[in-house]
Amino acid sequence: MTREPQSLSFNPAGIELDRRLGLSRQLYQALRVRVLDGRLAGGTRLPASRDLAAALSISRNSVVRAYDQLYAEGFIDGRVGDGTYVAQLPQTALPAKKLSTKVSTGLSTGLPTALSTNWLDLPVVSSSKVIHSGALGRVERNHLALPPVGPPRAFRVGVPAFDLFPFEVWAKLNAAFWRKPDLQQLCYGDPAGDERLRGLIAAYLRSSRGMQCTAEQIVITSGAQQGISLCAQLLVEPGDGVAIENPGYRAAGHAFAVAGARLHGVAVDSEGIDCTELNGLNDCRLAYVTPSHQYPTGVVMSLARRLELLAWAERTQGWIVEDDYDGEYRYSGAPLAPLAALDRQGRVLYVGTFGKIAFPALRLGYLVLPPALVSAFSQRRAVDVRHSEVSTQAVMAEFMAAGHFQRHIRRMRRAALSRRNCLLARWPINIEGVGDLPNVVAGLHLTVPVSSVARERELIEQAESVGVEVNGLSRYWLPDSQTPLDQRAGLVLGFAAVPESAIEAALERLQTVWDD
């Protein structure tokens, strides 16, 4: 490809870095903004790390870390012996107009909020069945699949290494709260959640995920599932189309179906949700996605696909619900910037949870919302639960303020990486009908292809006979999916729930029954 160095040169002038703050993060953000607003066009050659470091009077390591993060997120391409270039993004991935570099101020531009007014007359969900006639759309009319109970075992999905949680620290903080509680905290609380906790969450997301959010945009929830349900109740009218990844997180589909949505299962390829298929849905007003680590395939959504998805939301005035359920677990470089960090039109609602960092029984999560939606979400939550349990919020706030949270994240990431490596190294080979293990760069689980659904079920039954928990990929698909049945087969394995010794023992038992 012929390049034009004069028209595609990069001038670092104008990049101002505050030496009191993280230099690599500031440089990364400055370069990313210039790519998004068009000042750095695709094909522009960036200076060598040593040259840029000299031009900015910073260390080369700071430049290398910034480049590494930009490369991981798809903003730049590095070619051995040929330098570093701004990535060429397809025109369909770019919005009709340049993205603003200003912090989003929500929906003050006149975009309709289109909040549902029917949330006081929702369909009913019994303890065993969804019983609202016609609300399920394409969701199976049977028992809602619930997470397994009891002690974790290999290879349970969705469970972090909570055996490593600092329970002694948590107990001391909890005891300190109740030893002399602030009487004001024992009154009815803010439905949006504890103000201090919301401020600390916003600060964490700004520093670790590049999200320019404030405490006022955050609503505390009782876990990610409640956050998803609130989005369904307030953003969906009965009969609205909702796009969900297929295969995908079925509990999210149930939440939208209970709100009366018509579910559209959209295929997932190697770059994430298929935006070409999404663009063909005329009645779709909302898309639910897991871009950091697609559930359950493990695909990381490419930058081009992220921009395509944002352009779809802007063009259709639709919503994107971004479920970042295990985004902290990135095994090469820092966690990727979420869709919400790229959104400049107030179309993304970000769902976060503490359950994948602490432990599942801690029913504590949060939503990051466009400012214009915060009041409605807070009021809707007040109808359900009035406010979150006070002491848990206060203890988590102190846990974060004292630095325990960040240290624990680093520990959990190291543990998950070690347990992933153990699974990859000792996985049984040459098992009939089982494909190769994937390259696992993020998350808490992996998916292995299997030749047929019949073979998938056989392998799962054999695993269960020796006390090993394995999920079938086929159960994550919508029942009337167009994909042939046997192409839906696979094994979904969580690798973080138990220590390496338990993983090794489970794999030895699998080797025995699967070799027969």
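Mapping of the sequence shown onto my numbering: residues 108 to 623, in sequence order.
Glycine included, C-beta positions come from ideal geometry on N, C-alpha and C.
Computed from a predicted model, the values in this text were never measured in an experiment.
For this session: State the DSSP-derived secondary structure class of ASP623, mapped to helix, strand or coil.
Result: Taking the sequence shown and counting its residues from 1, the one referred to as residue 623 is at position 516. It is coil, neither helix nor strand.
Exercise. For CYS320, does the three-state DSSP call read helix, strand or coil?
Worked result: What you label residue 320 is simply residue 213 of the sequence shown in a count that begins at 1. It is coil, neither helix nor strand.
For this session: In the DSSP assignment, find the beta strand (DSSP E) that holds THR328 and state where it starts and stops.
Result: Mapped onto the sequence shown, residue 328 falls at position 221. Segment 325–328, the beta strand (DSSP E) holding THR328.
For this session: For GLY149, I'd like the list of residues in its chain whose CB is within less than 7 Å of its CB, leaving aside the five on either flank, ordered along the chain.
Result: As a position in the sequence shown, residue 149 is number 42, starting the count at 1. Residues of the same chain with a CB within less than 7 Å of the CB of GLY149, apart from the 5 flanking positions on each side, are VAL193, ALA194, GLN195 and LEU196 in chain order.
Exercise. If you count every other CB in all the chains shown that lies within 10 Å of the CB of ARG248, and 16 or more means buried, which is it?
Worked result: For this step, residue 248 is matched to residue 141 along the sequence shown. Low confidence applies here, because ARG248 scores a pLDDT of 42, under 50, leaving its location unreliable; read the following figure in that light. Under this definition ARG248 is an exposed residue.
Problem set entry | ASP567 - containing beta strand (DSSP E), residue span | Here residue 567 corresponds to residue number 460 of the sequence shown, with the count starting at 1. Strictly speaking, residue 567 in this sequence is Ile, with Asp absent from that position. ILE567 -> not in any beta strand (DSSP E); alpha helix (DSSP H) instead, spanning 560–572.
For this session: For the stretch 348–416, list the alpha helix (DSSP H) runs that are entirely contained and at least 4 residues long, ordered along the chain.
Result: 357–365 and 382–386
Exercise. Alpha carbon to alpha carbon, how far is GLU429 from LEU446?
Worked result: Taking the sequence shown and counting its residues from 1, the one referred to as residue 429 is at position 322. Taking the sequence shown and counting its residues from 1, the one referred to as residue 446 is at position 339. One C-alpha to the other measures close to 7 Å.
For this session: Take VAL555 as the anchor and find which of VAL577, GLU568 and VAL573 has the nearest alpha-carbon.
Result: Position 448 of the sequence shown holds residue 555. That would be VAL577, whose Cα lies nearest to the Cα of VAL555.
Exercise. In angstroms, rounded to a whole number, what distance separates the CA positions of PRO606 and LEU617?
Worked result: On the sequence shown, residue 606 is found 499 positions in, with the first residue counted as 1. On the sequence shown, residue 617 is found 510 positions in, with the first residue counted as 1. Their Cα atoms are separated by approximately 17 Å.
Exercise. DSSP state of PHE506, grouped into three classes?
Worked result: In the sequence shown, counting from the first residue as 1, residue 506 sits at position 399. Here PHE506 sits in helix by DSSP.
For this session: Please classify THR191: does DSSP put it in a helix, a strand, or coil?
Result: Taking the sequence shown and counting its residues from 1, one reaches residue 191 at position 84. The answer is strand: DSSP assigns THR191 an E or B state.
Problem set entry | Residues bridged to LEU456 [DSSP beta-bridge criterion] | For the purposes of this step, residue 456 is identified with residue 349 of the sequence shown, where counting begins at 1. DSSP output for LEU456 lists VAL428 as bridge partner(s).
Exercise. Could you give the residue range of the beta strand (DSSP E) that holds HIS552?
Worked result: Numbered from its first residue, the sequence shown carries residue 552 at position 445. Its beta strand (DSSP E) spans residues 552–556.
Exercise. Would you call the CB atoms of VAL557 and TYR438 closer than 8 Å?
Worked result: Within the sequence shown, the letter at position 450 stands for residue 557. Within the sequence shown, the letter at position 331 stands for residue 438. Against a cut-off of 8 Å, the Cβ pair of TYR438 and VAL557 comes out as no contact.
For this session: Just mark CYS391 as buried or exposed, buried being the case when its beta carbon has 16 or more other beta carbons within 10 Å.
Result: Here residue 391 is taken as the residue at index 284 of the sequence shown, counted from 1. When all chains shown are included, CYS391 counts as buried.
Exercise. Looking at the structure shown, is ASN537 part of a helix, part of a strand, or coil, going by DSSP?
Worked result: Here residue 537 corresponds to residue number 430 of the sequence shown, with the count starting at 1. In the structure shown, ASN537 sits in coil (DSSP, three-state: anything other than H, G, I, E or B).
Exercise. Expressed to the nearest angstrom, what Euclidean distance is found between the alpha-carbon atoms of ILE427 and ALA596?
Worked result: On the sequence shown, residue 427 is found 320 positions in, with the first residue counted as 1. On the sequence shown, residue 596 is found 489 positions in, with the first residue counted as 1. Across the structure, ILE427 and ALA596 are spaced so that their CA atoms are roughly 28 Å apart.
For this session: Round the Cβ separation of ILE351 and TYR473 to the nearest angstrom and send it over; I've been treating them as touching at under 8 Å.
Result: On the sequence shown, position 244 is the one that residue 351 refers to. On the sequence shown, position 366 is the one that residue 473 refers to. Wrong, their Cβ atoms sit about 21 Å apart, outside the cutoff.
For this session: For GLY334, I'd like the list of residues in its chain whose CB is within less than 6 Å of its CB, leaving aside the five on either flank, ordered along the chain.
Result: Walking along the sequence shown from the start, residue 334 turns up at place 227. So the list reads THR328, VAL458, GLY472 and LEU474, once near-sequence residues are dropped.
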